[in-house]
Amino acid sequence: MSSSMRVLELVHFGDADTAFATRERPRPTPGPGQLLVRVLATSVNPLDLQTRRGDYRDQLALPAVIGNDVSGVVVETGPGADEFQAGDEVWYLTPIFAGRGTYAEFHVVDQALVARKPARLSHVEAAGLALVGVTVWEALVERAGVRAGERVLVHGGAGGVGSVAIQLASALGAEVVTTARARDHEFVTGLGADTAIDFSAGDYVPRVRALGGVDVVLDTVGGDTLSRSPEILADRGRVVSIVDIPDPQNLLAAWGVNATYHFVFVSPGREKLAALGRLVDLGKLRPVIGAVLPLSEVAQAHALLEGSAGGGRRRPRGKIAIAVGEPPLPR
Ligand SMILES: NC(=O)c1ccc[n+]([C@@H]2O[C@H](COP(=O)([O-])OP(=O)(O)OC[C@H]3O[C@@H](n4cnc5c(N)ncnc54)[C@H](OP(=O)(O)O)[C@@H]3O)[C@@H](O)[C@H]2O)c1
2 MSSSMRVLEL
12 VHFGDADTAF
22 ATRERPRPTP
32 GPGQLLVRVL
42 ATSVNPLDLQ
52 TRRGDYRDQL
62 ALPAVIGNDV
72 SGVVVETGPG
82 ADEFQAGDEV
92 WYLTPIFAGR
102 GTYAEFHVVD
112 QALVARKPAR
122 LSHVEAAGLA
132 LVGVTVWEAL
142 VERAGVRAGE
152 RVLVHGGAGG
162 VGSVAIQLAS
172 ALGAEVVTTA
182 RARDHEFVTG
192 LGADTAIDFS
202 AGDYVPRVRA
212 LGGVDVVLDT
222 VGGDTLSRSP
232 EILADRGRVV
242 SIVDIPDPQN
252 LLAAWGVNAT
262 YHFVFVSPGR
272 EKLAALGRLV
282 DLGKLRPVIG
292 AVLPLSEVAQ
302 AHALLEGSAG
312 GGRRRPRGKI
322 AIAVGEPPLP
332 R
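Numbering of the sequence shown is given in the working numbering, commencing with residue 2 and proceeding in unit increments.
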């Protein structure tokens with residue numbers, strides 16, 4: 002086995018087309034409690050775009066490998082990493098800004114963060130679910146504590162996070178209201194949304210108020226979208242943002258409403274992946290993969306996600322996955 006690997010390194014902050022370079026690097030060695038995983042798929046998240054543009058330049062020195070999702074196969078176990086063995090198919094989310102990215106053919110990870118890949122998912126699908134799935138689990142289950150019969154508003158239902166959140170809220174027995182462009186309404190109702198509101202065609206607030214408000218808001222947009230949440234919130238409602246810290250001034254709009262505000266910054270964990278995997282096994286959750294590109298085309302994947310790809314290509318629904326290895330895996 003060769004002791005090197007191909008990686009896509011972030012070499013400059015800025016535009017996608019000049020930011021990355023393919024490099025050969027030494028293959029890492031798993032330390033105590035760690036696994037060496039052959040990465041078969043990873044995915045692109047908005048965090049990667051923000052990192053590439055330089056928003057977190059104080060968090061990483063260049064050149065750097067970025068990316069946080071992995072689905073792949075264990076090839077080597079470090080000392081004491083006896084929960085897995087070579088050949089096991091695994092998926093995981095890496096710690097954010099931990100300095101070991103996933104745009105690479107191999108990746109070293111602590112076994113405690115790793116779960117067995119759900120058999121019903123391809124590697125591309127599993128890689129497209131890890132970060133967004135864990136985020137949604139933390140937001141709707143751990144923070145909001147969504148209960149059956151509650152009404153949940155998921156902003157950005159056609160996106161990576163929103164497309165999973167609709168399915169999870171629906172699986173929890175909630176009535177789901179979502180915001181998405183009109184062209185995506187059939188798609189989001191197909192995922193389980195009961196009501197779709199076109200955010201690009203006017204104010205979402207009166208539409209949600211007409212439904213009688215919501216118990217839980219999952220904010221994936223921030224800004225004004227988040228700050229108006231109290232106007233639609235039921236008493237004892239919960240607002241979970243994954244984008245913005247709510248301004249305390251919002252509490253004025255919430256006068257008379259007992260509300261709880263949360264900010265989630267996703268953290269990896271096997272239990273959350275295992276819970277998502279059980280929903281996958283039950284047929285209640287299926288990641289939406291809108292596009293798959295090879296590792297060599299990470300720059301194009303970034304352009305596609307940020308809506309700057311040429312040829313009039315629109316942003317795909319759900320996730321953009323990256324197939325690692327040649328030939329690219331089928332979806
Ligand atoms: N804190 C955390 O741990 C965490 C974790 C994951 C993600 N995030 C953040 O969450 C955000 C969403 O992530 P994502 O992966 O879902 O991104 P994404 O795949 O780009 O999806 C965003 C979705 O929001 C829609 N949208 C745009 N403007 C909107 C508006 N005003 N109202 C409602 N929907 C709107 C977009 O529609 P169009 O494509 O039609 O414009 C798109 O469908 C990003 O900012 C990301 O950085 C945070």
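Glycine included, C-beta positions come from ideal geometry on N, C-alpha and C.
Could you check which residue in L141, D89 and A22 has the C-alpha nearest to that of A238?
Reading the sequence shown from its first residue, position 237 is the one you call residue 238. Before going on, a small fix: residue 238 reads as Gly here, not Ala. Closest option to G238, Cα to Cα, is L141.
What are the uninterrupted segments assigned as beta strand (DSSP E) that are 3 or more residues long and contained completely in the segment 165-233, given in chain order?
176-180, 196-198 and 215-220
Per DSSP, what are the beta-bridge partners of S72 in this structure?
As a first step, residue 72 is located in the sequence shown; it is residue number 71 there, counting from the start. According to DSSP, which records beta bridges pairwise, S72 is partnered with A42 and W92.
Starting from A322, trace the beta strand (DSSP E) both ways and give me its first and last residue.
To locate residue 322, count along the sequence shown from 1; it is residue 321. Residues K320 to A324.
Restricting to Cα atoms, I'd like to know which of L294, H303 and G308 is closest to I323.
The residue given as residue 323 occupies position 322 in the sequence shown. Among L294, H303 and G308, the Cα nearest to that of I323 belongs to L294.
Below 8 Å on the Cβ atoms is my guess for T95 versus V110; work out the distance and round it to an integer in Å.
Numbered from its first residue, the sequence shown carries residue 95 at position 94. Numbered from its first residue, the sequence shown carries residue 110 at position 109. Confirmed, about 7 Å.
In three-state DSSP terms, what is G291?
On the sequence shown, position 290 is the one that residue 291 refers to. Strand.
My output table needs one value for V265: the three-state DSSP class, helix, strand or coil.
For this step, residue 265 is matched to residue 264 along the sequence shown. It is coil, neither helix nor strand.
Is the closest heavy atom of ligand 1 to the C-beta of P231 under 7 Å?
Within the sequence shown, residue 231 is the residue found at index 230, counting from 1. Flag unset: Cβ of P231 not near ligand 1.
Is H156 helix, strand or coil by DSSP?
The count along the sequence shown starts at 1 and reaches residue 156 at position 155. Three-state result, H156: coil.
For N259, does the count of other Cβ atoms within 10 angstroms reach 16, so buried, or fall short, so exposed?
Residue numbering aside, residue 259 sits at position 258 when the sequence shown is read from its first letter. Looking at its Cβ environment, which holds fewer than 16 other Cβ atoms inside 10 Å, N259 is exposed.
Got a sec, what are the start and stop residues for the alpha helix (DSSP H) T30 sits in?
By one-based count along the sequence shown, residue 30 stands at place 29. T30 -> no alpha helix (DSSP H), and no H or E assigned at all.
Of all the options G312, G34, S201 and A304, which has the alpha carbon lying nearest to the alpha carbon of A113?
If you number the sequence shown from 1, residue 113 lands on position 112. Taking only the C-alpha atoms, the option nearest A113 is G34.
Hey, how far is the Cα of A202 from the Cα of T179?
Here residue 202 refers to the residue found at position 201 when the sequence shown is read from its first residue. Here residue 179 refers to the residue found at position 178 when the sequence shown is read from its first residue. In a straight line, the C-alpha of A202 is about 14 Å away from that of T179.
Would you mind sorting I337 into buried or exposed? The rule is 16 or more other CB atoms within 10 Å of its CB.
Because residue 337 is not part of the residues shown, which for the chain are 2 to 332, the question remains open.
Specify the secondary structure class of V110 as computed by DSSP and reduced to three states.
The residue labelled residue 110 in the question sits at position 109 within the sequence shown. V110 falls in the strand class under three-state DSSP.
Just the C-alpha distance for G257 and P231, rounded to the nearest angstrom, thanks.
Reading the sequence shown from its first residue, position 256 is the one you call residue 257. Reading the sequence shown from its first residue, position 230 is the one you call residue 231. So the two alpha carbons sit approximately 10 Å from each other.
Excluding sequence positions up to five away, which residues of its chain have a Cβ less than 6 Å from the Cβ of A181?
The sequence position of residue 181 within the sequence shown is 180, counting from 1. The residues are G158, A159, V189 and A197.
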